[in-house]
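Engineer: Line order of the protein sequences matches chains A, B, C, D and E.
Under the numbering used here, the first residue of the first sequence carries the number 58, and numbering increases by one thereafter.
Under the numbering used here, the first residue of the second sequence carries the number 58, and numbering increases by one thereafter.
Under the numbering used here, the first residue of the third sequence carries the number 58, and numbering increases by one thereafter.
Under the numbering used here, the first residue of the fourth sequence carries the number 58, and numbering increases by one thereafter.
Under the numbering used here, the first residue of the fifth sequence carries the number 58, and numbering increases by one thereafter.
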Amino acid sequence: MIIGKVLGNVWATKKDPKLNGRKLLVIRTTGTAGAETIVAVDTIGAGIGEDVLVTKGSVARNSLGDRDSPIDAVVIGIIDSLEVDENLLK
Amino acid sequence: MIIGKVLGNVWATKKDPKLNGRKLLVIRTTGTAGAETIVAVDTIGAGIGEDVLVTKGSVARNSLGDRDSPIDAVVIGIIDSLEVDENLLK
Amino acid sequence: MIIGKVLGNVWATKKDPKLNGRKLLVIRTTGTAGAETIVAVDTIGAGIGEDVLVTKGSVARNSLGDRDSPIDAVVIGIIDSLEVDENLLK
Amino acid sequence: MIIGKVLGNVWATKKDPKLNGRKLLVIRTTGTAGAETIVAVDTIGAGIGEDVLVTKGSVARNSLGDRDSPIDAVVIGIIDSLEVDENLLK
Amino acid sequence: MIIGKVLGNVWATKKDPKLNGRKLLVIRTTGTAGAETIVAVDTIGAGIGEDVLVTKGSVARNSLGDRDSPIDAVVIGIIDSLEVDENLLK
Chain A
58 MIIGKVLGNV WATKKDPKLN GRKLLVIRTT GTAGAETIVA VDTIGAGIGE
108 DVLVTKGSVA RNSLGDRDSP IDAVVIGIID SLEVDENLLK
Chain B
58 MIIGKVLGNV WATKKDPKLN GRKLLVIRTT GTAGAETIVA VDTIGAGIGE
108 DVLVTKGSVA RNSLGDRDSP IDAVVIGIID SLEVDENLLK
Chain C
58 MIIGKVLGNV WATKKDPKLN GRKLLVIRTT GTAGAETIVA VDTIGAGIGE
108 DVLVTKGSVA RNSLGDRDSP IDAVVIGIID SLEVDENLLK
Chain D
58 MIIGKVLGNV WATKKDPKLN GRKLLVIRTT GTAGAETIVA VDTIGAGIGE
108 DVLVTKGSVA RNSLGDRDSP IDAVVIGIID SLEVDENLLK
Chain E
58 MIIGKVLGNV WATKKDPKLN GRKLLVIRTT GTAGAETIVA VDTIGAGIGE
108 DVLVTKGSVA RNSLGDRDSP IDAVVIGIID SLEVDENLLK
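Set out below in structure tokens:
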């Protein structure tokens, strides 16, 4: 999974019907040297500015309960805290 | 999913028969530090210059209704607007 | 899918039996900032110097008609032309 | 698989129920030019500071015994040693 | 598939039981601008210093004959030679 920050929302009127009713979040990944902006579906109520856990690929659908979904990225957790050994970052 | 802009079309006469009748769009991804150019199948009528949502990998087929498709990228939405908290971009 | 140019061939005597009889092409991807060299199986007769469409991941097998293939990249089209709006590249 | 070092833990109260009881590790990948920070589930007892082997994508679930898991990265080994021919690194 | 050079071996005592008896090779990819170091399972007897073909993702298991394997990278060929048109590299 990757870590990202929720930046906002995406709106799309013309879309695959399987996206209907899905909340689409704009997320900036924070674990990579060059940050990337991706779009993920949210089912747990993540808010703007929160740090989240995003799962990608074909397993993301397992969080949606829809095996026929074309969605490849889903928010599966809102991060409370990250405990990291500072010495390992040196 | 990733965000990209439709740049144009790709034409291929010699191709896997499963691509027959499929509209192939050239898309420049805009969420990454270094933009990439990919090709995705469009089923919702995206036009040149529009910003779109692209899903990748094995789930992309779910948007085509063809489980035996060799296609790994599909346009699943035309983006109307992106609402992003400007303070989070600082 | 990604766009690439066929640079040549790879020869391997010791290999997974499922690669027997498969034509392995060396392909340089051209859509990314930093070009990558990958190897893909060709089933449509792509020649050296031609620009091709390559599909990757588990769906690539669908172009080979072998669900038990360990192949993760296949050439699925020979590109005749790319029509791109020049203004969008500025 | 990729090689990484365990930096610490991630805590998330609001999450997909399928993450309940799973230990989530923050891991810095060490095999790439630009190190990335990812999150993986641990089932073998990896500790902070240890070098581990991480598998990614849909097969990661096979290590969890849960085919319906939305988890895309799992620690599948704690590395004792890496024997590399120094001449090949020149 | 990607091209890489075998650098050495990885040893792990604590690991997923499905890795038991598997030979784990450290491989440096050579087709990318920035070389990456990955770990792949070998079933064809690749030796240190040899150039190999590595397949990645969920299809890699097809080379192991174990659909429940959590392994995401397998060596599927030892490269004898690479015939590339030099003019295309200019």
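The beta-carbon is built from N, C-alpha and C at its ideal position, and this holds for glycine as well.
For the beta strand (DSSP E) that C/Leu139 lies in, which residues bound it at each end?
Structural biologist: That run of the beta strand (DSSP E) goes 138-141.
Engineer: Is it buried or exposed for A/Pro74, if we count other Cβ within 10 angstroms and need 16 for buried?
Structural biologist: So A/Pro74 counts as exposed.
Engineer: List the whole-angstrom C-beta distance separating D/Val96 from D/Leu76, where the pair is believed to meet the contact cut-off of C-beta under 8 angstroms.
Structural biologist: That belief does not hold up - the Cβ atoms of D/Val96 and D/Leu76 are roughly 10 angstroms apart, past 8 angstroms.
Engineer: If we require 3 or more residues per run, which beta strand (DSSP E) segments fall completely within the region 65-107 of chain B?
Structural biologist: 80-86, 94-99, all fully within the region 65-107 of chain B.
Engineer: Classify E/Asn144: buried if its beta carbon has 16 or more other beta carbons within 10 angstroms, exposed otherwise.
Structural biologist: Per the 10 Å Cβ criterion, exposed.
Engineer: Count the other C-beta atoms from every protein chain shown that fall within 10 angstroms of the C-beta of A/Arg124, then say buried if there are 16 or more, exposed otherwise.
Structural biologist: With fewer than 16 Cβ atoms within 10 Å of its Cβ, A/Arg124 is classed as exposed.
Engineer: Helix, strand or coil for D/Leu110? Go by DSSP, reduced to three states.
Structural biologist: Strand at D/Leu110.
Engineer: Less than 8 angstroms separating the beta-carbons of A/Asn119 and B/Glu140?
Structural biologist: No, they are not a contact pair.
Engineer: Looking at the C-beta of A/Lys80, does it have a partner C-beta in chain D at a distance below 8 angstroms?
Structural biologist: Not an interface residue.
Engineer: Just to confirm my understanding: we take B/Gly134, look at its own chain, exclude 5 residues before and 5 after, and list those with CB closer than 6 angstroms. What are they?
Structural biologist: Leu110, listed in sequence order.
Engineer: CB-CB under 6 angstroms to A/Leu64, same chain, minus the five flanking residues each way: which ones, in chain order?
Structural biologist: If we look at A/Leu64 and ignore the five residues flanking it on each side, its Cβ neighbours are Val83, Arg85.
Engineer: A/Lys62 and A/Asp129 - do their beta-carbons sit closer together than 8 angstroms?
Structural biologist: Contact: no.
Engineer: Could you tell me the alpha carbon to alpha carbon distance between B/Val132 and A/Val116, rounded to whole angstroms?
Structural biologist: Answer to the nearest angstrom: the Cα atoms are 19 angstroms apart.
Engineer: Provide the residue span of the beta strand (DSSP E) that contains A/Gly130, from first to last.
Structural biologist: For the record, residue 130 of chain A in the displayed sequence is Ala; it is not Gly. First-last of the beta strand (DSSP E) with A/Ala130: 130-135.
Engineer: When the Cα atoms are used, what is the spatial distance from B/Gly122 to A/Ser126?
Structural biologist: Taking the straight line joining both Cα atoms gives about 11 angstroms.
Engineer: Between the alpha carbons of C/Ala103 and E/Lys80, how many angstroms are there, rounded?
Structural biologist: About 35 angstroms.
Engineer: Say whether chain A places a C-beta atom closer than 8 angstroms to the C-beta of D/Val132.
Structural biologist: Not an interface residue.
Engineer: Comparing C-alpha positions only, which one of A/Asp142, A/Thr112, A/Ile59 sits nearest to A/Thr87?
Structural biologist: Of the listed residues, the one whose Cα sits closest to A/Thr87 is A/Ile59.
Engineer: Along the region 69-93 of chain C, where does the CB come closer than 7 angstroms to a CB of chain B? Name the residues.
Structural biologist: Going along the region 69-93 of chain C in chain order, one finds Gly88, Thr89, Ala90 with a Cβ nearer than 7 angstroms to chain B.
Engineer: With a threshold of 16 other CB atoms inside 10 Å of the CB of C/Ala149, please say whether the residue is buried or exposed.
Structural biologist: Beyond the ends of chain C as shown, which are 58 and 147, falls residue 149 of chain C; an answer cannot be given.
Engineer: Which chain B residues sit within Cβ distance under 8 angstroms of A/Leu64?
Structural biologist: Residues of chain B passing the Cβ test: Val141, Asp142, Leu145, Leu146.
Engineer: Within 10 Å of its beta-carbon, does A/Gly114 have 16 or more other beta-carbons around it, so buried, or fewer, so exposed?
Structural biologist: Buried.
Engineer: Would you tell me roughly how many angstroms separate the C-alpha atoms of A/Ser138 and B/Ala90, rounded to the nearest one?
Structural biologist: Each residue's Cα considered, the two are about 27 angstroms apart.
Engineer: Could you tell me the distance, in whole angstroms, from the CA atom of C/Leu146 to the CA atom of C/Lys71?
Structural biologist: Answer to the nearest angstrom: the Cα atoms are 45 angstroms apart.
Engineer: Rounding to the nearest angstrom, what Cα-Cα distance links C/Thr100 and E/Val98 in this structure?
Structural biologist: So the alpha carbons of these two residues sit roughly 27 angstroms apart.
Engineer: Taking 8 angstroms as the threshold (C-beta atoms), are A/Ile136 and B/Asp142 in contact?
Structural biologist: Cβ distance not < 8 angstroms, so B/Asp142 and A/Ile136 don't count as in contact.
Engineer: Within the 8 angstroms Cβ cut-off, does A/Gly104 reach chain D?
Structural biologist: Not one chain D Cβ lies under 8 angstroms of A/Gly104.
Engineer: List, in order along the chain, the chain A residues whose C-beta lies closer than 7 angstroms to that of B/Gly114?
Structural biologist: Within 7 angstroms Cβ-Cβ: Gly114, Ser115, Asp129.
Engineer: CA-CA distance, E/Thr94 and B/Gly78?
Structural biologist: Each residue's Cα considered, the two are about 41 angstroms apart.
Engineer: Is the beta carbon of C/Lys71 within less than 7 angstroms of some heavy atom of the ligand ZN?
Structural biologist: This structure simply doesn't include the ligand ZN, nor any ligand for that matter.
Engineer: Please list the partners that D/Ser138 has in chain E, where partner means a Cβ-to-Cβ separation under 7 angstroms.
Structural biologist: Per Cβ cutoff of 7 angstroms: Trp68.
Engineer: If we define contact as Cβ-Cβ less than 8 angstroms, is A/Ile101 a contact residue for chain B?
Structural biologist: Not an interface residue.
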